[in-house]
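**Student:** Pasting a structure below so you can have a look.
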Amino acid sequence: EASDKSIIENSADDFVTEATKHIPKYKLECVLNADQSSFHYEMASNRTLSHVGEKTTYVSVKSLNATTHSYTVMPIISAASQLLSPLFICLQEPTGRFPTTKKIFSAPNIVTSCSKSGKLSASLIEYWIKEVLDKVVSNRFLLMVDQWSPQANITVYDNNLTKGQSCKLLVIPRKTTSTKQPCDTYFFRQWKELTKRIYHRVSLDELDVDLRNRDAIIKLQSLVHNQLSSSVFKPMISYAWSTCGYIPKQYLNFSNVIEICFRQNQPG
């Protein structure tokens, strides 16, 4: 195990060394990280009140099925501390297609897709490149992704980018994404925290809002994306890059989602 850990650490260090050779050749706005994260359709709290001595504590959820089924979001962040727009979402649909009988809610900062599993596939990565990446990059850019094969092949980018953009693809080594992928090191934790807080507020206040249906999910993630795009979160995104070792530390301090969005008794 110690040997494996050493190999992983060396692999991570070698990747950072290689990446930092290339990053100075690009504007920070053009140094990007894209990654996927899954969300349950119902995010039940792991905490609840219980009577002293109670052996079994039950938690109420609207749908047990929704606590195990998930959808995927795929944001892009830049080394210039930006959360790019639009956000890509893949919802879970029984047939793998949206129903033709009902119009899907359209948000200006969301590109929506679906699959039977709620997870991305090779064809959906091509769709993401055409509908999202192609629209946010106009010239040469550097993109960091993990080793999931459909997104780790430069050919798929060359074949689907439509404006002659030059893509330098850097693939983060296996088992190093927790420390070397900016989205994973800190950013997704904050994204999930904001999403979870919204779910819990709806539940605690017993609001007449069903956050399990597709339109509500799109509206929810549109709101989260909108909020995290605020300039007040730039230092937080910058930290996600600097803690990986790709850029120098830009800010002495930063505030996270809880401190900015849920802090009480703020002055003024």
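Here the numbering used here is used: the first residue of the sequence shown is 570, the next is one more, and so on.
C-beta atoms are modelled at their ideal positions from N, C-alpha and C, and glycine is treated no differently.
1) So, with DSSP's three-state summary, where would you put Phe-831?
2) For Gly-687, count neighbouring Cβ atoms within 10 angstroms of its own Cβ and tell me buried if that reaches 16, exposed if not.
3) Taking Cβ positions, are Ile-767 and Leu-789 nearer each other than 8 Å?
4) Apart from the five residues just before and just after Tyr-640, which ones in its own chain have a Cβ nearer than 8 Å to its Cβ?
5) Quick check: the Cα distance between Lys-596 and Arg-709, rounded to an integer number of angstroms?
6) Could you tell me which residues DSSP pairs with Tyr-640 in its beta bridges?
7) Does Ile-658 come out as helix, strand or coil in the three-state DSSP assignment?
8) Taking just the CA atoms, how far does Leu-652 sit from Arg-676?
9) What residue range does the alpha helix (DSSP H) around Ile-679 cover?
10) Roughly how many angstroms separate the alpha carbons of Tyr-627 and Val-705, rounded to a whole number?
11) Which of the three DSSP states, helix, strand or coil, is assigned to Cys-813?
12) Find out if the Cβ-Cβ distance for the pair Glu-700, Val-680 is shorter than 8 Å.
13) Looking at the secondary structure, which residues open and close the alpha helix (DSSP H) in which Tyr-788 lies?
14) For the beta strand (DSSP E) that contains Ala-603, what are its first and last residues?
15) With a cut-off of 8 Å, do at least 3 Cβ pairs link the region 808–823 to the region 687–697?
16) Does Phe-584 come out as helix, strand or coil in the three-state DSSP assignment?
17) Is the CB-CB distance between Gln-819 and Ser-800 below 8 Å?
18) With which residues is Phe-710 paired in a DSSP beta bridge?
19) Can Glu-598 and Ser-647 be called in contact, C-beta distance under 8 Å?
20) Of the residues Leu-797, Lys-685, Cys-736, which one's Cα is nearest the Cα of Ser-650?
21) Could you compute how far the alpha carbon of Ala-635 sits from the alpha carbon of Arg-783?
**Tutor:** Reading from the atomic positions:
1) coil
2) buried
3) yes
4) Ser-607, Phe-608, Tyr-610, Ile-658, Cys-659, Leu-660, Gln-661, Gly-687, Ile-786
5) 9 Å
6) DSSP lists Phe-608 as partners of Tyr-640.
7) strand
8) The residue you asked about is not Arg; residue 676 is Ala in the sequence shown. Near 16 Å, if we compare the C-alpha coordinates of Leu-652 and Ala-676.
9) Careful: Ile-679 lies outside any alpha helix (DSSP H), inside the beta strand (DSSP E) at 679–684.
10) Confidence at Tyr-627 is low in this model, with a pLDDT of 49, below 50, so the placement of that residue should be treated as unreliable; the coordinate-derived value is given next. Their Cα atoms are separated by approximately 46 Å.
11) coil
12) Contact annotation: Glu-700 and Val-680 have beta-carbon atoms nearer than 8 Å.
13) The amino acid occupying residue 788 in the given sequence is Lys; Tyr does not appear at that position. Unbroken alpha helix (DSSP H) run through Lys-788: 783–797.
14) Note, Ala-603: beta strand (DSSP E), 600–603.
15) no
16) Note: Phe-584 maps to helix in three-state DSSP.
17) no
18) Cys-736
19) Note that the C-beta distance between Glu-598 and Ser-647 is below 8 Å.
20) Among Leu-797, Lys-685, Cys-736, the Cα nearest to that of Ser-650 belongs to Leu-797.
21) Since pLDDT at Ala-635 reaches only 43, below the 50 mark, its modelled position is unreliable, and no value is offered.
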